[in-house]
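Worksheet: the structure to be examined is printed underneath.
In structure tokens, the structure reads:
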């Protein structure tokens, strides 16, 4: 049975990955759909504003804090190698670290950087916008599912 500070860490991991799943899900099913319905110039400008706003301490603490907690759970699990929940704890960490943090770094952020370099009202931006929305949202679905799965797997480790 997971106990003490380790229990607190795992519960924190489950809550944090669940929160991130909610953030990613809201973007996939609400924000990106709304932005995609706008004319390209407005969509590009709005998404660039959202990406700038995401650099606030609140979001950065949640995003990087969740990553840190998941990494800590993985390390502590390797060190302690508990009788119960080892596979679930390592799987939960891997799901979030690869599927949410990793995908953010290799898929979503590069697309954000490309979009940020485009002037909202240009032909180039209008051409890139539908591709950006489709690809960014697809990768965001991956982040949503892996974050939610990580939360569920962490919770299963506590049973």
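Numbering (the numbering used here), first residue to last: 2 to 160. For each residue, glycine too, the CB sits at the ideal point set by N, CA and C. This one's a predicted model, so the numbers in the text were calculated from it and none came from an experiment.
Excluding the five sequence neighbours on either side, which residues of its own chain have a C-beta within less than 6 Å of the C-beta of residue 92, listed in chain order? If you number the chain shown from 1, residue 92 lands on position 91. Result list for residue 92: 154, in chain order.
Discussion item. Taking the straight line between their C-alpha atoms, what separation do you get for residue 84 and residue 158?
Written reply: Taking the chain shown and counting its residues from 1, one reaches residue 84 at position 83. Taking the chain shown and counting its residues from 1, one reaches residue 158 at position 157. Rounded to whole angstroms, residue 84 to residue 158 spans 11 Å at the Cα level.
Check your understanding: In or out: residue 90 buried (at least 16 other Cβ within 10 Å) or exposed?
Key -> To locate residue 90, count along the chain shown from 1; it is residue 89. Answer is buried; the Cβ neighbour count reaches 16.
Reference residue 152, options 126, 59, 21 and 80, closest by Cα: Here residue 152 refers to the residue found at position 151 when the chain shown is read from its first residue. Minimum Cα distance to residue 152 is reached at 21.
- Message: Tell me the rounded alpha-carbon separation between residue 73 and residue 107.
- Response: Indexing the chain shown from 1 puts residue 73 at position 72. Indexing the chain shown from 1 puts residue 107 at position 106. Going from the Cα of residue 73 to the Cα of residue 107 covers about 22 Å.
For residue 147, tell me which candidate among 33, 137, 112 and 98 has the shortest Cα-Cα distance.
Sequence index remark: in the chain shown, residue 147 carries index 146 (1-based). Checked all of 33, 137, 112 and 98; the closest Cα to residue 147 is 98.
Where the alpha helix (DSSP H) through residue 11 begins and ends: Counting from 1 along the chain shown, the entry for residue 11 is found at position 10. Element bounds for residue 11: 5–27.
Short of 6 Å in beta carbon distance, which residues of its chain neighbour residue 122, apart from the five on each side in sequence? Order them along the chain.
As a working note, residue 122 is residue 121 in the chain shown. Once the five neighbours on either side are set aside, the close Cβ partners of residue 122 are 42.
**Prompt:** For the alpha helix (DSSP H) that contains residue 137, what are its first and last residues?
**Reply:** What you label residue 137 is simply residue 136 of the chain shown in a count that begins at 1. First-last of the alpha helix (DSSP H) with residue 137: 124–158.
Does the pairing of the region 22–42 with the region 129–138 give three or more beta-carbon distances under 8 Å? Contact between the region 22–42 and the region 129–138 is present, with at least three C-beta pairs closer than 8 Å.
Note to self: Looking at residue 17: is its Cβ nearer than 8 Å to the Cβ of residue 76?
What the structure shows: Numbered from 1 along the chain shown, position 16 holds the residue referred to as residue 17. Numbered from 1 along the chain shown, position 75 holds the residue referred to as residue 76. Contact: no.
- Which one of 66, 81, 23 and 54 has the shortest CA to CA distance from residue 7? Mapped onto the chain shown, residue 7 falls at position 6. It is 81.
Between which two residues does the alpha helix (DSSP H) holding residue 115 run? For this step, residue 115 is matched to residue 114 along the chain shown. Residues 110–117.
Margin query: How far does the alpha helix (DSSP H) with residue 60 in it extend, from its first residue to its last?
Written below: In the chain shown, the residue the question calls residue 60 occupies position 59. That run of the alpha helix (DSSP H) goes 58–81.
| query | How many angstroms separate the CA atom of residue 1 from the CA atom of residue 51? | reply | The requested residue 1 does not occur in the structure, where the chain is confined to residues 2 to 160.
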